[in-house]
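Worksheet: one structure, shown below.
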């Protein structure tokens with residue numbers, strides 16, 4: 001199995017400030033993250049990425 | 063102690079059943095006003111993704127598109143507009159409340175080329191080699207079995223079909239207290 005033409009078309013930092021936009025995270029969880037993560041990680045906890053890829057035209061069986 | 067797959071799935075369904083709108087804060091970060099125009103408020107205000115995969119998917123009229131974890135439908139509905147009446151946009155989600163919302167939103171837009179299915183991305187209720195393009199927005203990070211999801215993506219895509227996934231990538235290490243926190247798995 002495999003894919004081809006794998007490209008990361010977007011790659012952005014995602015920090016605590018971005019998480020506050022989401023109703024999925026409580027104030028308590030955000031405060032917990034702020035406390036447990038070192039300050040230099042607050043602006044870049046994770047990356048948001050967009051990846052594209054293609055299944056080969058002559059794909060082998062998975 | 064690590065969470066089990068069942069515990070994580072139950073937590074995800076519970077979270078996405080109860081989630082309330084946070085206004086347009088997420089949608090306005092990732093979608094242009096033109097892309098949001100004409101979409102039902104419920105779809106826009108329950109945008110919970112981390113990117114805009116439809117923008118990069120290159121969808122064409124007549125194609126079959128599949129949206130993994132379609133939620134309230136913001137990306138499925140945009141995909142439906144791109145593939146047009148001769149194509150089809152399929153949304154797949156495991157949360158009944160989100161499925162209900164997405165179906166209502168498609169109906170509100172008068173889109174007859176939208177089908178919302180209940181199921182998991184680890185075992186998609188989709189025939190082999192039947193989809194031209196797969197999109198997903200902040201969803202694959204929710205599963206413990208990511209390799210299985212990509213096996214399923216490979217199975218349902220037509221030869222030459224493509225996928226466009228927006229998701230999160232951990233920057234370095236996260237403490238165990240974060241990795242084992244239920245919210246870290248549901249958000």
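Residue numbers (our numbering), protein chains in the order written: chain S, 1 to 62; chain R, 63 to 249. Note that CB positions come from ideal geometry on N, CA and C, so glycine has one too. Keep in mind the model is a prediction, meaning the values are calculated, not measured.
Below-7 Å beta-carbon distance, residue i vs any chain S residue
{"i": "residue 201 of chain R", "result": "no"}
{"i": "residue 231 of chain R", "result": "yes"}
{"i": "residue 221 of chain R", "result": "yes"}
{"i": "residue 265 of chain R", "result": "In the structure as shown, chain R starts at 63 and stops at 249, and residue 265 of chain R therefore has no counterpart that could be examined."}
{"i": "residue 131 of chain R", "result": "no"}
{"i": "residue 242 of chain R", "result": "no"}
{"i": "residue 224 of chain R", "result": "yes"}
{"i": "residue 81 of chain R", "result": "yes"}
{"i": "residue 84 of chain R", "result": "yes"}
Under the three-state DSSP convention, the category residue i falls into
{"i": "residue 235 of chain R", "result": "coil"}
{"i": "residue 218 of chain R", "result": "helix"}
{"i": "residue 213 of chain R", "result": "helix"}
{"i": "residue 188 of chain R", "result": "coil"}
{"i": "residue 148 of chain R", "result": "coil"}
{"i": "residue 160 of chain R", "result": "helix"}
{"i": "residue 84 of chain R", "result": "strand"}
{"i": "residue 47 of chain S", "result": "strand"}
{"i": "residue 41 of chain S", "result": "helix"}
{"i": "residue 125 of chain R", "result": "coil"}
{"i": "residue 154 of chain R", "result": "strand"}
{"i": "residue 223 of chain R", "result": "strand"}
{"i": "residue 30 of chain S", "result": "helix"}
{"i": "residue 62 of chain S", "result": "Legend: pLDDT at residue 62 of chain S = 48, less than 50; position of this residue unreliable, value from coordinates given subsequently. Correct three-state label for residue 62 of chain S: coil."}
{"i": "residue 130 of chain R", "result": "strand"}
Range covered by the beta strand (DSSP E) that runs through residue i
{"i": "residue 9 of chain S", "result": "4 to 14"}
{"i": "residue 292 of chain R", "result": "This structure cannot speak to residue 292 of chain R, because chain R is shown only from 63 to 249."}
{"i": "residue 98 of chain R", "result": "Where residue 98 of chain R is concerned, there is no enclosing beta strand (DSSP E), although the alpha helix (DSSP H) it sits in stretches over 95 to 98."}
{"i": "residue 112 of chain R", "result": "That residue, residue 112 of chain R, is in no beta strand (DSSP E); it is neither H nor E in DSSP."}
{"i": "residue 179 of chain R", "result": "176 to 180"}
CB contact below 7 Å: residue i versus chain R
{"i": "residue 6 of chain S", "result": "no"}
{"i": "residue 44 of chain S", "result": "yes"}
{"i": "residue 31 of chain S", "result": "no"}
{"i": "residue 38 of chain S", "result": "no"}
{"i": "residue 34 of chain S", "result": "no"}
{"i": "residue 55 of chain S", "result": "yes"}
{"i": "residue 52 of chain S", "result": "yes"}
Limits of the unbroken alpha helix (DSSP H) element including residue i
{"i": "residue 55 of chain S", "result": "Counting along the chain, residue 55 of chain S falls outside any alpha helix (DSSP H), and DSSP gives it neither H nor E."}
{"i": "residue 141 of chain R", "result": "136 to 145"}
{"i": "residue 92 of chain R", "result": "89 to 92"}
{"i": "residue 103 of chain R", "result": "103 to 107"}
Beta-carbon gap between residue i and residue j smaller than 7 Å
{"i": "residue 40 of chain S", "j": "residue 16 of chain S", "result": "no"}
{"i": "residue 148 of chain R", "j": "residue 187 of chain R", "result": "no"}
{"i": "residue 126 of chain R", "j": "residue 150 of chain R", "result": "yes"}
{"i": "residue 268 of chain R", "j": "residue 170 of chain R", "result": "Since the first and last residues shown for chain R are 63 and 249, residue 268 of chain R lies out of range."}
{"i": "residue 195 of chain R", "j": "residue 115 of chain R", "result": "no"}
{"i": "residue 161 of chain R", "j": "residue 178 of chain R", "result": "yes"}
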